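Working notes, beginning with the structure itself.
Residue numbers (the numbering used here): 212 to 1092.
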């Protein structure tokens, strides 16, 4: 193809003469050309019409809709001639990568700051998705835009929002890799949908590449490209921003802190980011005179001519950058990045580039927008230092949400999508370079999501910085509410001697499962799927998904002098373990991970089948004739009700009391279906012939199946009893031998929230018989205030009283009372509250929080508590049970 167009007499588009070839790659060939009507020098790109991933048409449309924007080259013609698609576009000067080489692969702070202020990538609702130095070209020295940075190669660009409705694209995961691995964002490595934040992060990596001369993740070796990209991503995640930016102005670190923690849909504060680089120049007394490093080597024209003679000039650089569409030299490999070689500057240079098989066909008409554009192209005036200092704004603490969404702070109300934009100051974000409170949340169920949201909200309200990460073993949010249709076989482990047994799946981790059954309904009549959808929507609207490390197991956490050292392991790859240094840990992994089975003497003699309620899905799956259900709380009541057409016995721990959650089968006024269930007392032992002997003396023979609806053990698998902080306080704790769990917890504070010996560790959602979503969110809010030193530690309460007694949570004079009665229990086994105690607990915690103008944190109205007390009656009214 090269030879067929090398003749200078060839003309395309009726007026564009094809000149010498200046570059080629898998996309096609680029030639220098001349407009025969204006005698202007232009670039002409040829692409085979039968290309596997044709891009020139989309590239042409993109340039047309971006026409007139400073820093975007002008496109003159697109057409099909013979076997090729042809694009005619401005001929530009060298790329930043070429100039970087010319300057011995190091740019000065002045040059990087001036270049950074010119970057324009988000005009008119487009994201770029392949930020790299090759794709930014300087105008030719002979043109009126000789010093202007131009953006080229929009072959991978796409809308980040609908230009008409302004609806943002949805967040997705498991996306194929697209972009250049050296510069792409961490979220892109993790397979997450790209948005504006990802372009900005990639730009930050480019800036540090220019300043440092290389990046820490360059030069990594691996057997395959896929493994290499995984290594690059892991190295990016493990390299602290402070280390990456060490020795350079702090504004570059602030920039990366800010953009890495933007929310998926969040509008970046472009003026603030430009002002960072203006401040870099001002602080050094540097005038923005347009004199870049490469101009100091030679006069502008001389540099152009030298580069042209060496094959490093305008045309070759345009070829290396892929001046029209598709990365020059990129080899298509599905959606993955592939290493290529381009002959862009006479000598070979290895490039890690990408091309993507596009599924989007064309672009709709675009509307206004703005990005980090050329100086003077901003919609807002520059701020002086005095003006910036005069602004009073609250700091979005985690740097992940620069806006404050109008989303209710409580999980029991419906989120909305309105996002009013706030302005920001340099003073706000400079704190990002100061030590930030580092918080790790274990679990992304309802409690973990509440913790992440509240930590960010509280820090933002007080202008404090935090670094926040959430670890989740599953591949999506929801925790307990995730449904697993096939739980697999159930193995019951009950020791001959001891106090607790447990259930597992053979060969599978017992802690990563769902105890959900398909027909489960909550007290508000919502089905499981509706609750899960609510949590997914909450995580999305709150911008929490980007900070969650999915498929990640926290395998170890140990107290150190600096805080906590956490070790994690990725569950779906051969990735080695990773360590994290944090200050505080939120244990929000939930309670339904290790099923509990009581120790029954002689249980090994039982000849029927056994299963824990966590394995229950449908009644038809059981294939049993005579069934004993042990337990009469939520799961036991539900399963007994669904099986009432069979011969069902239900074992109550307290036969002298009615069931807490459902009708009493012994009550003649109960529904007929309920009276089919036969109530028995607790199991005393099992005879050698397999007969169950109850504590009442009753014998149950020929039982086919025992369903243990006996709840779950407490489990904190990442804490070791032989290590700090547990070694000193919990030496007497005993757990099951194979699974690090227990039926009781030790050494909690009076509020069942913090570890007594070290309040940098907190536990959410330990109380039961409560409304969990708002309660865990309140607990998280309290923990965040204490950790950020916005309220004192929690006071003592009447710890000698049971958790279910509302008087326990009376704060008034409780400190004096505690002095008389001594501390609360070291061992916690019963966290059962109930409606009245829950109301007192919530009111007490709310009274301790600092006042808030947010109506979401006003005291709960009496009507809410009234509905809470009527929960059982309302459920029966709506559901019939």
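Using N, Cα and C, we set each Cβ at its ideal position, and we do this for glycine too.
Keep in mind the model is a prediction, meaning the values are calculated, not measured.
Near residue i, which residues of its chain fall below 8 Å by C-beta distance, leaving aside the five closest residues on each side in sequence?
i: residue 916; result: 819, 820, 821, 822, 833, 835, 837, 838 and 839
i: residue 1177; result: Residue 1177 lies beyond the stretch modelled for the chain, which goes from 212 to 1092, so this question has no answer here.
i: residue 854; result: 830, 833, 838 and 840
i: residue 1044; result: 978, 979, 980, 981, 1014, 1015 and 1052
i: residue 227; result: 244, 245, 246, 247, 253, 255, 287, 288 and 299
By the 10 Å Cβ neighbour count, where 16 or more other Cβ atoms means buried, how is residue i classified, buried or exposed?
i: residue 225; result: exposed
i: residue 667; result: buried
i: residue 801; result: buried
i: residue 770; result: buried
i: residue 322; result: buried
i: residue 232; result: buried
i: residue 294; result: exposed
i: residue 766; result: exposed
i: residue 306; result: buried
i: residue 529; result: Caution applies to residue 529, whose pLDDT of 31 falls short of 50 and renders its modelled position unreliable; the value that the coordinates give is listed next. Result: buried.
i: residue 468; result: buried
i: residue 797; result: buried
i: residue 772; result: exposed
i: residue 315; result: exposed
i: residue 922; result: buried
i: residue 234; result: buried
i: residue 429; result: exposed
Does the distance from the CB of residue i to the CB of residue j come in under 8 Å?
i: residue 357; j: residue 350; result: yes
i: residue 374; j: residue 346; result: no
i: residue 1001; j: residue 673; result: yes
i: residue 359; j: residue 329; result: yes
i: residue 442; j: residue 433; result: yes
i: residue 400; j: residue 444; result: yes
i: residue 1013; j: residue 1007; result: no
i: residue 655; j: residue 987; result: no
Under three-state DSSP, which class holds residue i?
i: residue 227; result: strand
i: residue 483; result: helix
i: residue 1081; result: coil
i: residue 436; result: helix
i: residue 655; result: coil
i: residue 851; result: helix
i: residue 770; result: strand
i: residue 775; result: strand
i: residue 419; result: helix
i: residue 266; result: coil
i: residue 292; result: strand
i: residue 409; result: helix
i: residue 985; result: helix
i: residue 650; result: strand
i: residue 796; result: strand
i: residue 842; result: coil
i: residue 498; result: coil
Can you find the residues in the same chain that come closer than 6 Å, C-beta to C-beta, to residue i, ignoring five residues on each side of it along the sequence?
i: residue 253; result: 244, 246, 299 and 302
i: residue 1085; result: none
i: residue 896; result: 812, 813 and 904
i: residue 361; result: 282, 284, 303 and 348
i: residue 631; result: Its pLDDT being 38, under 50, residue 631 is placed unreliably in this model, and the value from its coordinates should be taken loosely. Closer than 6 Å at Cβ, skipping near neighbours: no residue.
i: residue 966; result: 972
i: residue 962; result: 1005
i: residue 426; result: 420
i: residue 899; result: 816
i: residue 778; result: 766, 767, 788 and 790
Would the beta-carbon of residue i be found less than 7 Å away from any heavy atom of the ligand NAD?
i: residue 430; result: For the ligand NAD, the structure offers nothing, since it holds no ligand at all.
Got a sec? Which residues, its chain only, sit under 7 Å from residue i by beta carbon, not counting five neighbours each side?
i: residue 318; result: 311, 421, 422 and 504
i: residue 663; result: 652, 679, 681, 755 and 758
i: residue 999; result: 648, 669, 670, 673 and 675
i: residue 867; result: none
i: residue 277; result: 283, 334 and 335
i: residue 466; result: 415, 484 and 487
i: residue 718; result: For residue 718, the pLDDT reaches just 48, beneath the cut-off of 50, and the residue's location in the model is therefore unreliable, although a value from the coordinates is still provided. Around residue 718: no qualifying Cβ.
Check whether the region 682-695 and the region 748-764 are in contact - that is, three or more C-beta pairs closer than 8 Å.
Three or more Cβ pairs closer than 8 Å define a contact, and the region 682-695 meets that threshold against the region 748-764.
Under 8 Å, with one C-beta from each stretch per pair, do the region 403-410 and the region 452-464 reach the 3-pair mark?
The region 403-410 and the region 452-464 do not touch, with fewer than 3 CB-CB distances between them shorter than 8 Å.
When the Cβ atoms of the region 456-463 are set against those of the region 474-481, are three or more pairs found closer than 8 Å?
By the Cβ rule, the region 456-463 does not count as touching the region 474-481, because fewer than three pairs are nearer than 8 Å.
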